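See below for the structure under consideration.
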């Protein structure tokens, strides 16, 4: 993928960011006015439409020319694609922890790609930009699919279809690792299974999924399950070799450093959860957080008094 995006910071770039905010806020107030049943129906329609479009996009302009390699876009090549497929089932039948994942990761990933639109970047080779029908249709689909992840995450929580509990944040890195593990397994088995030349067919070596110099590394590593993407690895590699835990986060084969699939990124996800998780939970969990903080202060004060009485008793005995 060419990481240089010629349309970065143009009118459409800011338009779709603004549109996401406007639609999210608009639907929030509309659902608040219409009630929980309307909010539930809205979420269902958006999620299942997104689910169907994940497969129907194979018939959009440009996709048939990419078959069979293009079929990968209707599977789980990255975290967003995985969530598009999982979200309707999580929303209807998922556990609270799974719905937490849908809220936190859905919002972050869907929001982030509006600022770094990777799905539109890969259209750089198409001449004419937005005037090209193939470019236009695929770009609109990309923005719609990722906008749904953000909108449904917000509506699900604001309409009380799901109740957050910041104490469950400890399970978010685990859920993230499980989904990223599915994405990694897809990258390992999907290509060889269909004998696709665009996918790696080995672990190491020139055609290995872990070998970062091969041409397949970017397409097979869209969510960085196997290590950082080009542009990041140049500055992260020297740091990783010094601070990452050997044999757990990184390992060496014939003097070449490799990142341990999935596991290498989990400490960073845990750190991000520790920082961003409470911030994202606070608008809905501030009362819970305040009560827990007050309870912690009371417990701490009681322990301090207990130590004081114990010390006073010892002084009396002396």
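In this note's numbering, the protein residues as written are 223 to 540. No residue lacks a Cβ here, since even glycine has one placed at the ideal position from N, Cα and C. As the structure is a computational prediction, the values presented were derived from the model and not from experiment.
- Every alpha helix (DSSP H) stretch that sits fully inside the segment 289-345 and reaches 4 residues is listed by chain position as 301-315, 318-337 and 340-343.
- Residue 245 sits exposed, since fewer than 16 C-beta atoms from the chains shown fall within 10 Å of its C-beta.
- Boundaries for residue 479: no alpha helix (DSSP H) harbours it, while the beta strand (DSSP E) harbouring it runs 478-481, taken from the DSSP string.
- Put simply, the segment 388-404 touches the segment 314-321. At least three CB pairs are less than 8 Å apart.
- According to the DSSP secondary-structure assignment, residue 450 is paired through a beta bridge with no residue.
- In terms of Cα proximity to residue 446, the closest of 470, 471 and 487 is 487.
- The C-beta distance from residue 481 to residue 449 rounds to 3 Å, short enough to fall under 8 Å.
- The segment 362-401 contains no complete beta strand (DSSP E) run of 3 or more residues.
- Within the segment 478-527, the runs of beta strand (DSSP E) that reach at least 3 residues and sit entirely inside it are, in chain order, 478-481.
- Contact between the segment 354-361 and the segment 293-304 is not established, with fewer than three Cβ pairs separated by less than 8 Å.
- The segment 376-387 and the segment 260-276 touch, with no fewer than 3 CB-CB distances between them shorter than 8 Å.
- Closest option to residue 410, judged by alpha-carbon separation, among 389, 400, 519 and 442: 442.
- Linking residue 342 to residue 236 through their CA atoms gives a straight-line distance of about 14 Å.
- Straight across, the Cα-Cα distance linking residue 476 with residue 304 is about 34 Å.
- Burial is judged here by how many other beta carbons sit within 10 angstroms of a residue's own beta carbon; residue 434 has at least 16 and is buried.
- If you check the CB distance, residue 399 and residue 454 do not come in under 7 Å.
- One alpha carbon belongs to residue 247, the other to residue 378, and they sit about 13 Å apart.
- Assignment of residue 357 by DSSP, reduced to helix, strand and coil, places it in the helix class.
- Counting along the chain, residue 247 sits inside the alpha helix (DSSP H) bounded by residues 233-256.
- Judged by DSSP in its simplified three-state form, residue 474 adopts strand.
- Taking a contact to require three or more Cβ pairs closer than 8 Å, the segment 324-334 and the segment 467-475 do not qualify as touching.
- Membership of residue 465 in the alpha helix (DSSP H) is indicated by the continuous run 455-465.
- Under the three-state reduction of DSSP output, residue 284 falls in the coil class, being neither helix nor strand.
- In the three-state DSSP reduction, residue 350 falls in the coil class, being neither helix nor strand.
- Within the DSSP secondary-structure output, residue 468 pairs in a beta bridge with 472.
- The beta carbon of residue 408 lies closer than 8 Å to those of 297, 298 and 299 in the same chain, with the five residues before and after it left out.
- A residue is called buried once 16 or more other Cβ atoms fall within 10 Å of its Cβ, and residue 361 is buried on that count.
- Restricting attention to 365, 497, 524 and 520, the CA atom closest to the CA of residue 306 is found in 365.
- Taking the C-beta atoms as reference points, residue 388 is found no nearer than 7 Å to residue 309.
- The beta-carbon distance between residue 376 and residue 250, rounded to whole angstroms, is 6 Å. This is short enough to meet the 8 Å contact definition.
- Rounded to the nearest whole angstrom, the CA to CA distance from residue 469 to residue 326 is 30 Å.
- Of the residues assessed, residue 231 falls on the exposed side of the cut-off, its CB having fewer than 16 other CB atoms within 10 angstroms.
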